[in-house]
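Counting along the sequence shown from 1, when you hit position 310 you're at 373 in my numbering, and nothing is skipped either side. In this text, a Cβ means the ideal position worked out from N, Cα and C, and glycines have one as well. Let me begin by presenting the structure, written as structure tokens, before commenting on it.
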Amino acid sequence: MGADRVADWISGGDALRRMLEGVPRLPLETRPLLDALGRVLAEDVISPVALPPWDNSAMDGFAVRAEDVRGASPSSPVVLRVVDDVPAGHFALRPVGPGEAIRIMTGAPLPAGADGVIRVEHTDGGTAIGTADGRVAIRSDADAERNVRPRGEDVRPGDTVLRAGDVLTPGSLAVAAGAGRASLSVIRRPRVAVLASGDELVPVEEFGEVIAARRIVSTNSYALAAQLAEAGMEARVLGIARDTPASLREHLAAAEGCDALITTAGISVGEHDHVVGVMEELRTEVAFWRVRIRPGSAMAFGRVGGLGGIPWFGLPGNPVSTMATFALFVRPALLRMAGHARVHLPGIRATFDGTFAARGELMNFPRVRLHRGEDDAWTASLTGGQGSGMASSMAAADGLAIVDAGREVRPGDPVRVVLLSGAPLTDAAPF
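Have a look at this one:
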């Protein structure tokens, strides 16, 4: 991808497809349950046991025989002898016989002979329980043959409770634990190297340089690390490379062992844009360079032979361009590497509140804030200035509107908005 390379200028949809097709699936690993959240399961999980393992009470109350409580009412209560008391985690010492009841707590195994649990609210609470004189007055028969959770109601022995390809949620981990699994085989989480470059950049710890008007903070490093963490991936921040081939080589060497590489800035053909040349030294096979989108047209994608063939995502240096292209392009590709079937941020339909023109031949992604009206319909308004260097416009954004090349949207026009976070992913690409 030298200075003589002609820009590809492919569409956003084509760029996204090439990225999704050009990334490898990561290998499997076995992880403890509590370290598997958000991973993609690589094996079916089959339960060896029934859940619940026994008929149990769904209420705090009294286990009874239905035939003993029929007709019970506040004016004509049925009085039963209380012959046992069963808290959760314990079993009854004897069955329930005619004219008898056993006090029982929620989740405790149902005693033999009982076919229902009268909730405590439908009784007088019982008296002298634990003695030979224990009694309870049943004041309603509404719970006869009710409030029992049968054995295997949730899971039967041999049931497949989780399937390969499932994304593991807290509920999934609960089900796996119930099936006796202390660890699971999952697809490995991507380790992603992040490299910013530019003589003008410093880490936030050197903010004095910013106050002195000599440098700016490398906000891309922090944004990308946070976006990777939000997507459940591991970021290896390589620091800030100076605008020299030697500095770039030194920093890129630290990407060894990572599964993917993201660079920001330096992929144009200016005199001080050395990323292209150093990537060529690393035998990078470039799939494309330049996309018909704004922000983020100066985007590249390829495979780095010198780093084991890992995918390289060359992103622009402006902060909005970096964050937007990560959300729309890089994030889905990395999720695909991690085995996810649904990799795209979801979209909604909204009514535009403002004016925005996508002039020229580039699809535009203006940053918008969403408002929900009393009719549950969404309205999208611009977050302010839309310059690609205005990181504050991303901080205020709920989503990215999609405005096709050459289109102008005005107040009241329909617009599609890609949500930036907080909603289930989808298998449908946004464009």
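Return the CA-CA distance between residue i and residue j, expressed in angstroms with no decimal places.
| i | j | result |
| --- | --- | --- |
| Val149 | Leu433 | 53 Å |
| Ala113 | Asp222 | 9 Å |
| Val69 | Leu79 | 20 Å |
| Gln449 | Pro429 | 7 Å |
| Ser360 | Val354 | 5 Å |
| Ala460 | Glu268 | 27 Å |
| Arg277 | Ala240 | 55 Å |
| Leu104 | Ala191 | 53 Å |
| Thr307 | Ala275 | 24 Å |
| Ala237 | Ala404 | 22 Å |
| Ser138 | Ile201 | 11 Å |
Return yes when the Cβ of residue j is within less than 8 Å of the Cβ of residue i, no when it is not.
| i | j | result |
| --- | --- | --- |
| Arg214 | Pro115 | yes |
| Leu89 | Ala401 | yes |
| Leu301 | Val367 | no |
| Pro379 | Ala421 | no |
| Glu297 | Arg357 | no |
| Val481 | Val472 | no |
| Val180 | Gly189 | no |
| Ala227 | Ser260 | no |
| Leu225 | Arg102 | no |
| Asp118 | Pro161 | no |
| Arg182 | Gly124 | yes |
| Leu398 | Ala468 | no |
| Cys321 | Arg299 | yes |
| Leu91 | Arg251 | yes |
| Gly377 | Ala363 | yes |
| Val338 | Ala454 | no |
| Ile325 | Val393 | yes |
Less than 8 Å between the CB atoms is what I'm expecting for residue i and residue j, so what's the real figure, rounded?
| i | j | result |
| --- | --- | --- |
| Gly75 | Phe415 | Going by Cβ atoms, the distance from Gly75 to Phe415 rounds to 20 Å, so no, they are not a contact pair. |
| Asp178 | Arg144 | No, Asp178 and Arg144 are not in contact; Cβ-Cβ is about 17 Å, not under 8 Å. |
| Ser203 | Ala135 | 6 Å |
| Val431 | Thr446 | 6 Å |
| Phe389 | Leu287 | 6 Å |
Would you list the residues sitting across from residue i in a DSSP beta bridge?
| i | result |
| --- | --- |
| Ser260 | Ala304 |
| Trp441 | Arg435 |
| Thr414 | Thr442 and Pro477 |
| Arg182 | Gly124 |
| Ser248 | Thr93 |
| Glu356 | Per the sequence shown, residue 356 should be read as Ile rather than Glu. Answer by DSSP bridge pairing, in chain order: Met426. |
| His403 | His403 pairs with nothing; no bridge assigned. |
| Val210 | It should be noted that the sequence gives Asn, not Val, for residue 210. DSSP lists no partner for Asn210. |
| Gly320 | Paired residues: none, contrary to the question. |
| Arg366 | Glu348 and Pro374 |
| Pro172 | Asn119 |
How should residue i be labelled, buried or exposed, when 16 other C-beta atoms within 10 angstroms of its C-beta is the threshold for buried?
| i | result |
| --- | --- |
| Asp187 | exposed |
| His407 | buried |
| Phe270 | exposed |
| His153 | exposed |
| Asp131 | buried |
| Asp490 | exposed |
| Leu156 | exposed |
| Asp439 | exposed |
| Gly197 | buried |
| Val218 | buried |
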